[in-house]
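Peer 1: Sharing a structure below in structure tokens format, with a few things to ask.
Protein chains: 2
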Amino acid sequence: MFSKSCKYAIRAVLYLATRLSEGEKIGAKSLGELLKVPTPFLAKILQDLSRKGLISSTKGPGGGFFLSEENQNVTLEQIIECVDGPEVMHGCVLGFSTCSSANPCPLHVQAFAYREGLRYQLAHQTVRELALRINREKIKL
Amino acid sequence: MFSKSCKYAIRAVLYLATRLSEGEKIGAKSLGELLKVPTPFLAKILQDLSRKGLISSTKGPGGGFFLSEENQNVTLEQIIECVDGPEVMHGCVLGFSTCSSANPCPLHVQAFAYREGLRYQLAHQTVRELALRINREKIKL
DNA sequence: CTTATAAAAGATTTTTTTGTCTTTTATAGA
DNA sequence: TCTATAAAAGACAAAAAAATCTTTTATAAG
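As they're listed, the protein sequences go chains G and Y. Be aware that the first sequence starts at 28, since it is given in my numbering, and climbs by one per residue. Be aware that the second sequence starts at 28, since it is given in my numbering, and climbs by one per residue.
Below is the structure:
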């Protein structure tokens with residue numbers, strides 16, 4: 028469903044949201060080791076997210092990545108679209124550019140309801156809210 | 028969601044199911060042109076499906092690919108698993124090998140219901156049934 | 001039996017995705 | 001100011017996916 032880049036991005040953002048206390052930051056290297064993800068590849072992804080304003084970073088000693096108050100209002104849909112592009116949540120399952128409710132592909136009815144359901148949840152829940160649930164239910168990252 | 032190979036496979040099988048009359052066959056070349064899909068690549072995919080017994084074929088003049096009565100009882104889930112492997116319908120959205128209802132990843136609750144619903148439909152509808160609906164509702168391939 | 005046709009098989013190429021390495025830039029702290 | 005740190009940027013490499021090309025095998029039809 029999602030690319031590896033996207034999976035890494037989601038996990039990294041959720042780490043920042045759940046494991047970092049106020050004002051704390053983490054470097055790409057530490058984060059890559061913690062999540063067991065190739066570090067320089069993760070760094071690239073984090074830099075993309077940072078450039079687009081979805082996460083924050085500071086250079087230099089003691090610097091690293093973190094989420095500002097504003098960043099915590101971002102949704103996972105925004106993260107996903109930033110990394111994988113809009114097609115992954117909106118494109119036709121069979122890849123038809125013309126597919127729509129009015130002109131459905133053979134799988135449209137089946138696929139639309141379910142993916143739209145997932146998309147709705149990913150679009151209406153902020154990273155902050157998701158982080159609260161992860162901490163409450165002690166879910167692993 | 029699905030690889031290109033898989034999308035091509037689904038479209039090709041649905042073509043065989045809906046557009047071929049009793050005893051009729053179609054070559055990989057014609058099919059590739061009709062579906063506007065790279066012909067030799069499609070041929071590979073069809074050969075895989077044929078080797079696994081999900082579609083039928085005959086060599087030589089007048090030969091080509093077609094669906095036997097038995098093939099029409101195949102489900103799209105079988106086609107999909109044959110091409111993309113089981114992970115695409117069963118693996119964790121975030122790629123955790125340990126993810127399950129008992130030990131959920133952060134997206135498990137959201138993603139599971141969605142994908143399981145789709146999978147259920149793909150697993151409980153045969154190519155024959157789907158083909159009937161496509162013809163009835165005049166859906167394009 | 002010969003020939004033309006089309007799948008089967010497999011080797012090869014191209015493109016995309018994933019992953020690494022090196023250099024540059026910013027900044028905190030001594 | 002100098003130095004160490006860490007992100008930013010970009011070039012580079014490996015692996016996987018997508019696509020092509022060539023050779024072999026089976027078979028229907030003349």
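Each residue gets a CB set at the ideal place from its N, CA and C atoms; glycine is no exception. The structure presented is a predicted model; accordingly, all values stated were derived computationally and were not measured.
Can you check the stretch 89-132 of chain G for any alpha helix (DSSP H) of at least 4 residues that lies completely inside it and give the ranges in chain order?
Peer 2: 103-111, 114-117
Peer 1: Please report the Cβ distance between Val154(Y) and Leu103(Y), rounded to the nearest whole angstrom; I am assuming they are in contact, meaning their Cβ atoms lie under 8 Å.
Peer 2: Position 127 of the second sequence, counting from 1, holds the residue named residue 154(Y). Position 76 of the second sequence, counting from 1, holds the residue named residue 103(Y). Rounded, the Cβ-Cβ distance is 7 Å, consistent with contact.
Peer 1: Can you find a CB in chain Y that lies within less than 9 Å of the CB of Ala140(G)?
Peer 2: As a first step, residue 140(G) is located in the first sequence; it is residue number 113 there, counting from the start. So, interface residue.
Peer 1: Closer than 8 Å, Cβ to Cβ, to anything on chain G: give me those residues from the stretch 31-62 of chain Y, in chain order.
Peer 2: Residues Lys31, Lys34, Ile37, Arg38, Leu41.
Peer 1: For Pro88(Y) and Glu108(Y), I'd like the C-alpha separation in whole angstroms.
Peer 2: Numbered from 1 along the second sequence, position 61 holds the residue referred to as residue 88(Y). Numbered from 1 along the second sequence, position 81 holds the residue referred to as residue 108(Y). A direct Cα-to-Cα measurement between Pro88(Y) and Glu108(Y) gives close to 31 Å.
Peer 1: Give every residue of the same chain whose Cβ lies closer than 8 Å to the Cβ of Lys79(Y), excluding the five residues on either side of it in the sequence, and list them in chain order.
Peer 2: For this step, residue 79(Y) is matched to residue 52 along the second sequence. Taken in chain order, the residues that qualify are Cys109.
Peer 1: Can you find the residues in the same chain that come closer than 8 Å, C-beta to C-beta, to Arg160(G), ignoring five residues on each side of it along the sequence?
Peer 2: Your numbering for residue 160(G) matches position 133 in the first sequence. For Arg160(G), where only same-chain residues beyond five positions count, the Cβ hits under 8 Å are Ile166.
Peer 1: Where does Asn98(Y) land, buried or exposed, given buried means 16+ other C-beta within 10 angstroms?
Peer 2: Indexing the second sequence from 1 puts residue 98(Y) at position 71. Label assigned to Asn98(Y): buried.
Peer 1: Could you check the C-alpha separation between Ala36(Y) and Ile53(G) for me, to the nearest Å?
Peer 2: Residue mapping note: residue 36(Y) aligns to position 9 of the second sequence, counting from 1. Residue mapping note: residue 53(G) aligns to position 26 of the first sequence, counting from 1. Near 45 Å, if we compare the C-alpha coordinates of Ile53(G) and Ala36(Y).
Peer 1: With burial defined as no fewer than 16 other Cβ atoms inside 10 Å of the residue's Cβ, what is the status of Gly250(Y): buried or exposed?
Peer 2: Look at the range of chain Y in this structure, 28 to 168, and you will see that residue 250(Y) is not part of it.
Peer 1: Kindly list, in the order they appear in chain G, the residues whose Cβ is closer than 8 Å to that of Leu157(Y).
Peer 2: Position 130 of the second sequence, counting from 1, holds the residue named residue 157(Y). What Leu157(Y) touches in chain G: Pro133.
Peer 1: If we define contact as Cβ-Cβ less than 9 Å, is Ile166(Y) a contact residue for chain G?
Peer 2: For this step, residue 166(Y) is matched to residue 139 along the second sequence. Judged by the 9 Å Cβ criterion, Ile166(Y) is in contact with chain G.
Peer 1: Sort Gln74(G), Ser84(G), Ile72(G), Met116(G) by Cα distance to Tyr147(G) and report the nearest one.
Peer 2: Taking the first residue of the first sequence as position 1, residue 147(G) is located at position 120. Among Gln74(G), Ser84(G), Ile72(G), Met116(G), the Cα nearest to that of Tyr147(G) is on Met116(G).
Peer 1: I'd like the list of long-range same chain contacts for Asn162(G), defined as Cβ closer than 8 Å, with 5 residues on each side in sequence excluded.
Peer 2: The sequence position of residue 162(G) within the first sequence is 135, counting from 1. Counting only Cβ-Cβ distances below 8 Å, and skipping sequence neighbours, we find Thr45.
Peer 1: Could you tell me which chain Y residues have their CB closer than 9 Å to the CB of Gly144(G), listed as they occur along the chain?
Peer 2: The sequence position of residue 144(G) within the first sequence is 117, counting from 1. Chain Y residues near Gly144(G): Gln137, Ala140, Tyr141, Gly144.
Peer 1: Are there 16 or more other CB atoms within 10 angstroms of the CB of Ala129(G), so buried, or fewer, so exposed?
Peer 2: Translated into positions along the first sequence, residue 129(G) becomes position 102. Burial call: exposed.
Peer 1: Report all residues from its chain with a CB closer than 6 Å to the CB of Ser124(G); omit the five preceding and five following residues, and keep chain order.
Peer 2: Counting from 1 along the first sequence, the entry for residue 124(G) is found at position 97. Closer than 6 Å at the Cβ level, and outside the excluded window around Ser124(G), lies no residue.
Peer 1: Ser77(Y) by DSSP, collapsed to three states: which one?
Peer 2: Translated into positions along the second sequence, residue 77(Y) becomes position 50. Helix at Ser77(Y).
Peer 1: What residue does the beta strand (DSSP E) around Thr85(Y) start on, and which one ends it?
Peer 2: For this step, residue 85(Y) is matched to residue 58 along the second sequence. Boundaries of the beta strand (DSSP E) harbouring Thr85(Y): 83-85, taken from the DSSP string.
Peer 1: Considering only residues of the same chain and omitting the five flanking positions on each side of Ala158(G), which have a CB-CB separation below 6 Å?
Peer 2: Sequence index remark: in the first sequence, residue 158(G) carries index 131 (1-based). Same-chain partners within the cutoff: Ala44, Thr45.
Peer 1: So what does Thr153(G) bridge to, in DSSP terms?
Peer 2: What you label residue 153(G) is simply residue 126 of the first sequence in a count that begins at 1. The partner list for Thr153(G) (beta bridge, DSSP) reads Thr102(G).
Peer 1: Near Tyr42(Y), which residues of its chain fall below 8 Å by C-beta distance, leaving aside the five closest residues on each side in sequence?
Peer 2: Within the second sequence, residue 42(Y) is the residue found at index 15, counting from 1. Around Tyr42(Y): Ile53, Leu58, Leu61, Leu62, Leu168.
Peer 1: In the DSSP assignment, the alpha helix (DSSP H) including Val40(G) goes from what residue to what residue?
Peer 2: Taking the first residue of the first sequence as 1, we reach residue 40(G) at position 13. Start and end: 31-46.
Peer 1: What residues in its chain sit with their C-beta under 7 Å from that of Gln105(G), if we drop five residues either side in the sequence?
Peer 2: Position 78 of the first sequence, counting from 1, holds the residue named residue 105(G). Same-chain partners within the cutoff: Leu81.
Peer 1: Could you spell out the range, first to last residue, of the alpha helix (DSSP H) harbouring Lys165(G)?
Peer 2: Along the first sequence, read from residue 1 onward, the residue named residue 165(G) stands at position 138. Careful: Lys165(G) lies outside any alpha helix (DSSP H) and carries neither H nor E.
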